[in-house]
Every structure is written in structure tokens, then in C-alpha cells.
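FYI, in our numbering the residues of the sequence shown are 196 to 763. Note that the Cβ used here is the ideal one computed from N, Cα and C, for glycine as well. Structure record follows, encoded as C-alpha cells.
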Amino acid sequence: MAAPNKVVTLNIGSQSVTIAGFRTSSDGSILLDSYHSAHIPIEAQSDSARAMSVQVALMECAEGIGLKAGGNVNYSISAQSVFTRFVKLPAVEEEKVEQIIQFEAQQNVPFPINEVVWDYQLVETDETDKVEVALVAIKSDLLEEINGAVQSSKFRPQVVDVAPMALYNAFRFNYGELGGCTLIVDIGGRTTNLLFSEPNKVFSRSIPIGGSTITAAISKELDISPAQAEAFKLKEGFVGLGGAYADPVDADIAKLSKIARNTMTRLHAEINRSIAFYRSQQQGSAPVRVFLAGGSCNLPYMREFFNEKLQIPIEYFNPLRNVAVTSNVNVTEIAKVAHTLGENVGLALRSNNECPMELNLVPPAVAERQRLDRKKPAILFAAACFALIIGGWLFYFNQAAAIKSTALASVDAKVAELRSFEGQLRSVRDEMTAVREQNLPFLQISTERHFWASIIEEIHSKLPPQYIWITTLEMLGVAPATPATPATPATTAAPAAQEVAASRQLRIQGLYLDNPRQATVVDQFVAALGEAAALDQPSVTRRSTPTQTEWAYEYEIQVGISPSIENQ
């Protein structure tokens, strides 16, 4: 069996705060491990002073059970602070239930829906054509005030329940085998909560009569302060039996007992009206037993009073019936207040059991924090996976770097070995370059000799077979040749480049004979030169007109050398 889990519960009532520590097991069992109760001064019942008084009481409770750092807590809110309504709806498809409940909440909650925190619970019922829903809602600002007091005491809220619903869960856990209708009368400080429970049916109602009602009447009747009246009630108070029973000798105690009886008589009348309402409007059964719970049912003769009025078995509610108590708890002391621990037991059940009522009125900020807490394991797992991936890549890169470092060291050794040959290769390359540059003019002369021979051969091939010949062939713009002198490669390369640039035009001069076609033979020669691949744009620059008095006439043609031939 898994180790027990610690659960801390808080029942925040109107006049007291009760803290209880439990240990829950995976089999659903719970053990009461610690308990403490702190009183809220009756003078601090105003809204302005209540929050601070609740916080002081919470800190006192935490210290009372030795709780140092707060921690997670399930707490309940008194019924007087919460709007509760049981609504019956027609049976519809499951996916439409939430939509209908949302509409019903807007219709039934007496505040704007955006100003409240609300929740609902589907209630078991024997009716097949209807669905019963328990709606609860609390004003957001009031909830924030209560929750702020809890968090200021270093507690982390997990479940925020409504006191009657927590009490109902405790009843079902301890008295689940009971049949018929059971009425739980939970008499608190300001209100009395009535809880009707049957198999497959539950209903609750809050009545604004409680222990403070008796205190206020005593204060008024005896003209004493509320604090004095409360102390007097706790010390000497009891519920008067009435009838033939004699009054106490002390007049003030006699008045107190009568005030208590009158208040309980009013409460009895409200209980009878609630029973009638439950039977007529909720189709419930008449109660066959009553359990008394709450701090104000401690007044002597309270059980006898209700037994006389209701004429059915009356017992004190025991929420520890199926709850074990550890050795840390004084059994004698806890037996005296066991009927006040119902809400705490119901809250403890919410941590490790499936409960009939699982309402939760956590504020939005707490709900968001819980959502993030639920995601923490996944986030931590993702972070761990990411860290492993990063670690894997770092390991891979470290290994790769080590391998590359080894390979680089081997390469560096070879580079150092080959670097010694680099100087020798550089000197040989420089010698080869110098020799190549010295031989460049000779290579160019050899190339040009072949080049001009091919040009002359091209011109000769285009010469008409008769009536014309060439007397002069020269390049235009070329300086007279000078004797060759030794020079550096740079000085020999420059004139060669200049000569190529100036040798793009040739001048052809010659004579054509007096013939039947006369100057047409020159035109034929120019047209033939235009078809030569090595020549470009031939044109007649001078031609003598035949006079038929000479045997030959002069002509002059300029023709370019094709760049494509020149670049070969």
C-alpha cells in the first residue's frame, strides 16, 4: 500500500475556524492526525474586521497543529456566504447539459454571472425523465476576501467547498448504509443548515437562526455586551425544558434558558416548514431520524428539545465513525467536539476519494495556478528531454571535435612536411615565369609570321584571274621597324600590343588594265575581299577613271582584319 498522504482541511465558520490534519491512503481510508479550533471574536463580525480576524484565527490554528509553512489546503465556506439552488432540468443529451445549466445559472443566480464564481453538480435521482442539478455561487469579491485571508496565512487552496456539501460527503462516507430520509441539523453561529439525504436524493436549506441569535437576545435582555452575553451563554446556557420543569434559581440563568428555548422553538418552526417544502416541492420523504451537528448544538438539553418536538430519533452526528484517530489526537477531547468536524472530514475525502458532491469554488487565479501545476510534470519532463537532447548534441559535438582535432593534427604534420617544398616550388615557378616572359616576343613573332602569310594568301585567293594586280600591300599606322634590342618582358610586350592595335587596317594599291569591263574588275575584287573570313569591311578609297588613252589605271582599297582572326 502506498504511503499515506497528508491533507490539511479548514472549516471557516462564522464564529470559529477549525483545522484538521488527515492522512489518506490509496484504499480510500482516512486517519485524523491533528485538530485545532480557534474562536472568531463576536465583535469582529463586521465585514471590515472579519477578514483580519479570520487570518489571525487561521494562523492560530496552523500553530496549534504544528504546521510551520502552511502548504496545500482544502477549505469550506459557510452556507450564509453562498447562494445554493437545486434545479430540475429535462433529461437531454450529455453534450447539451452544460449549455442548459449555463442558462439556468444565469436565470437563478441573483447576481450578474460575470460577478460570481459558480459551479454545479449533477445529483443522483430516481427520475429518468429529469436531471437534478445543485447550483452554488458566491460573489467574486467576497470569495477573494476569504481566499486572501487563507493565502495570507501561507496556505495554498486546492478545493473550495460549501460547508453543507462537505457535510453531506462526510455523512455518506460514514452512514451510507442508512435507508429512508435522514435530516442533518447543522446549527452554526449565524445560520442553521438543514441537509436532507435519501438514497439518490439530496436537498439543503439554510435558515438564518443560530447561536449568535441566542447571544444577541441575551445581550438585549440582560443589557450586556455581545461578548459578555456569548461568554455567559457558553458557561451557564442550556435549552429550557419548559412545561412542568422548574426554572433555575438564578433569574439571569432562567432568562437565558427561556431565550434559548424560544430561539430553538423558532428554529423548530422553520424546520417543520422546510420538511413540508421538501416533501411537496422536492417529492421527498418525511425524515425518519435526525442528526445534530455544528458548534451551537453543544447547549445542554438541545437533543432533548428536538426529540420532544420532532418525535423521531435524535442523535449527534459522528463524522469519525469510519475515520481512525492516530495517537497524536486526544480521544477524550475529540469525542466532545466530533459533531463539529463533519465539514473537515468531507474536505479530507475530496483529496483521495470519489465523493457524491464535488463542487469547487476556487477563484480564477487559483484555478489558473492549479492548471499550471497539473502541467508541471509534463513541462519538467519536456525540459528534461530538452536537456538530454542538448546534452546529447554537446556530447556528439565534443566527440566530433576530438576526432577532428586528431585528424587536424595529422594534417598539420603533413602540411608542415610539405611546406618545406613550397619555397623550392615557388623559386622554380618564378624561373619558369621569367623564361616564359623572355620567350614571349619570339613566340609572338612566330605567330605573326604565320598570321601575315595566311592574310596574304587570303587576299591572293580573292584576286580576279585577269586584268588586275597588286603593287603595294601595307599596314596603316605602324611605325617603321627598329633593330631589336634586349629588353625585359614588360618592355617587349607593350610594343607588341600596340602593333596589334594599329594593324587592324590594310592598304592595298595596284593597277587594273584597260579592259572591256573597265573599273568593274576592281568592284569584283572588293566584293571577293568582303567574303573572306579573315578580312572585314573592304572599301575603295581611290580609283582612276579610265580615259582609254592609258593601258593601266591605279586603284586603292582599305580593308580591315577580322577581330576573330586577330585573336587567334
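- Contact annotation: the segment 513-525 touches the segment 226-233, with at least three C-beta pairs closer than 8 Å.
- Inter-residue distance for L436 and K504 is about 11 Å (C-alpha atoms, whole angstroms).
- Annotation: the segment 417-500 contains the following complete segments of the beta strand (DSSP E) (minimum length 3 residues), in chain order: 482-488.
- In the DSSP annotation of this structure, the continuous segment of the alpha helix (DSSP H) that includes E538 starts and ends at 537-544.
- Distance from the CA of F512 to the CA of I409, rounded to the nearest whole angstrom, comes to 22 Å.
- A contact is defined here as three or more CB-CB pairs under 8 Å, and the segment 246-256 fails this definition with respect to the segment 568-583.
- Distance from the CA atom of E510 to the CA atom of I379, rounded to whole angstroms, is 10 Å.
- Annotation: the continuous beta strand (DSSP E) that includes A233 extends over 225-234.
- Secondary structure remark: continuous alpha helix (DSSP H) runs of at least 4 residues inside the segment 317-389, in chain order: 335-347, 358-370.
- For L556, there is no enclosing alpha helix (DSSP H), as DSSP marks it with neither H nor E.
- Within the same chain, and ignoring the five residues on either side of P514 in sequence, the residues whose Cβ sits closer than 7 Å to its Cβ are A365, N369, A533, L536, G537, V540.
- In the three-state reduction of the DSSP assignment, N395 falls in the coil class, being assigned neither a helical nor a strand state.
- Judged by beta-carbon spacing, E652 lies beyond the 8 Å limit of L730, meaning their Cβ atoms are not closer than that value.
- Q346 and P443 have their C-alpha atoms roughly 47 Å apart.
- Going by DSSP, N269 is part of no alpha helix (DSSP H) but of the beta strand (DSSP E) stretching over 266-272.
- About 7 Å separates the Cβ atoms of L701 and I756, confirming a contact at the 8 Å cut-off.
- Between P394 and Q423, the alpha-carbon positions lie close to 44 Å from each other.
- By the 16-neighbour rule on beta-carbons within 10 angstroms, L205 is buried.
- In its chain, beyond the 5 residues on either side, P659 have a beta carbon closer than 6 Å to the beta carbon of Q719.
- Under the three-state reduction of DSSP, D709 is assigned to coil, being neither helix nor strand.
- Membership of L724 in the alpha helix (DSSP H) is indicated by the continuous run 715-725.
- With 16 or more other CB atoms across the displayed protein chains lying within 10 angstroms of its CB, A300 is buried.
- Cβ-Cβ distances below 7 Å link V311 to V304, A332, I333, K334, S335 in the same chain, with the five nearest sequence neighbours on each side left out; the list follows chain order.
- Rounded to the nearest angstrom, the gap between the Cα atoms of L708 and A747 is 4 Å.
- When DSSP states are grouped into helix, strand and coil, N547 belongs to the coil group.
- With respect to R400, S209 sits apart: the two C-beta atoms are not nearer than 8 Å.
- Counting C-beta atoms within 10 angstroms of its own C-beta, Y230 has 16 or more neighbours from the protein chains shown and is therefore classed as buried.
- By the C-beta density criterion, W313 is buried, having at least 16 other C-beta atoms within 10 angstroms.
- A distance of 8 Å or more separates the beta carbons of L462 and T527.
- In the three-state reduction of the DSSP assignment, N303 falls in the helix class, which pools H, G and I.
- When the five nearest sequence neighbours on each side are left out, the beta carbons in the same chain lying within less than 8 Å of the beta carbon of F427 are those of I413, L417, I419, D447, L451, in order along the chain.
- Taking 8 Å as the cut-off, the beta carbon of Y363 is found closer than this to the beta carbon of L390.
- By the criterion of a C-beta distance shorter than 7 Å, T736 is surrounded in its chain by E751, I752, Q753, once the five residues flanking it on both sides are discounted.
- About 14 Å separates the beta carbons of R280 and L317, which is beyond the 8 Å limit, so they are not a contact pair.
- Here the C-alpha atom of S656 lies approximately 18 Å from the C-alpha atom of T715.
- In the three-state DSSP reduction, Y591 falls in the helix class (H, G or I).
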